[in-house]
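Under my numbering, the first residue of the sequence shown is numbered 1, with each subsequent residue one higher. Cβ coordinates follow ideal geometry from the N, Cα and C atoms, glycine included. The structure displayed is predicted, hence computed values, not measured ones.
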Amino acid sequence: MALDQDTRDQLITTIRRFVDERLIPAEPVVAETDAIPAEIVDEMREIGLFGLSIPEEFGGLGLTMEEEALLVLELGRAAPAFRSMFATNVGIGSQGIAIDGTPEQKARYLPRLASGELIGSFALTEPEVGSDAGSVRTSARREGDTYVLNGTKRYITNAPHAGLFTVMARTDPEAKGARGVSAFAVEAGTPGLSLGKPEKKMGQQGAHVCDVIFENCRIPADALIGGAEGVGFKTAMKVLDKGRLHIAAACTGLAERITDDMMAYAVSRKQFGKAIAEFQLLQAMFADSRAEAYAARCMVLDAARRRDAGRDVSVEASCAKMFASEMVGRVADRNVQVHGGAGYIREYRAEQLFRDARLFRIYEGTTQIQQTIIANAMIDAARAAL
Ligand code: COS
């Protein structure tokens, strides 16, 4: 159920204040220590950020996609590592269960995911399986009333903190491609599940990724999400459709923030006896950044409303993710340029946000995968119209 206008506005105001007063000022310490201060994580829990998308009956805020997008547009203004802390619970780490889980799975996990007591992670990518997600090699062999998992998952966001993994594994070794894949809810601490060392990354310090390794990891048969084998890839794709919209909103929020930083610098920095904002070559960069971020905002909200109306938004989600992630990369690059030498110096945020933004074009499907999804749908539609 959609929130009434007042509640929605209040929530946006609360989050805007939280971002401006708590998150943005903490960016340097997060970048330096590679950790989000525990008190900020507690405040995120109190505001309900871990449960934005989880239905109210399970303790979440049960937001519509449009409402979620409006809040993520605000949250996206802070360095992306903050959003990463709760975003797997809002998106890829909870939605497999929220969308396709059995009533028992929902009751068991969603309340703790919504409160932030449990961190959820999404384990799809493997050392040999990235964009070709239908080819997962991690196996899940049925033995009596258990499954035995073997394989390695790679670059799993929030894995070092996770209490629960949504794991895509092959239950049917005969079935080639996506049809042999099933999804499982696997609890951290299960014997046979271990973690690799957290990776050192280009940016987004404070957000952590590592390998998740399964060696004869035995899980109960009722960990099979939805209780059905062979539909795990479809579950993953449905989760990613929503996740890509969320990422597009985050990119747009960040682009708006970076544009504000760019303008604040450009009106205060003087060269040739006047503010650099007065130079037309820079003005083109301001205007392009504003217009592109506005276009992304319109795309995100339109796609979100279509999803709320029950439409299939796979193509729109890919369009929004592709456009917004490429767009924030351009905006972050211009911001470095407008800052000149200062743009390359750690003390200013321009270089950090430039590095942080780079990931958006890669995870939850690269730009090239979004292009493939969009183009394939266009070809299918054109053939059907013949
Ligand atoms: N929603 C529901 N079902 C979907 C779907 C979606 N968005 N997309 C595909 N499916 C279904 C298809 O309908 C098909 O079903 P049938 O077998 O019943 O016909 C099945 O899933 C397989 O689809 P398809 O043949 O398109 O799969 P491909 O192996 O060609 O893969 C891509 C398609 C490349 C788009 C997919 O593998 C992908 O998104 N890769 C990127 C993965 C990714 O984002 N990784 C990031 C890691 S997660 S942070």
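The alpha-carbon of T13 is positioned some 36 Å away from that of T102. With contacts defined as CB atoms closer than 7 Å, K238 and I99 qualify as a contacting pair. Of the residues R22, V30, S131, the one whose Cα lies closest to the Cα of I362 is S131. Under a 10 Å Cβ-count criterion, P80 is classified as buried, with 16 or more other Cβ atoms of the shown protein chains found around its own Cβ. Looking at the DSSP output, A275 sits in a beta bridge with K270.
Distances from the CB of D241 to the heavy atoms of ligand 1 include at least one below 6 Å. With distances taken between CA atoms, M65 lies nearest to I54 out of I54, Q370, F58. Excluding its 5 nearest sequence neighbours in each direction, P127 has C-beta neighbours in its own chain below 7 Å: T152, R154, listed in chain order.
Boundaries of the alpha helix (DSSP H) harbouring L301: 280–308, taken from the DSSP string. Under a 10 Å Cβ-count criterion, Y294 is classified as exposed, with fewer than 16 other Cβ atoms of the shown protein chains found around its own Cβ. Judged by beta-carbon spacing, C210 lies beyond the 7 Å limit of L193, meaning their Cβ atoms are not closer than that value. Taking C-beta atoms under 8 Å as the contact rule, T235 and I225 qualify, at a distance of about 6 Å. Between ligand 1 and the CB of S139, the shortest heavy atom gap is not smaller than 6 Å. Short of 7 Å from the beta carbon of D241, and not among the five residues preceding or following it, lie these beta carbons of its own chain, in chain order: V313, S314, A317.
By the CB criterion at 7 Å, C251 and A324 fall inside the cutoff. DSSP, reduced to helix, strand and coil, places R330 within a helical segment of the structure shown.
For S139, the pairing in a beta bridge is given by DSSP as N150, R170.
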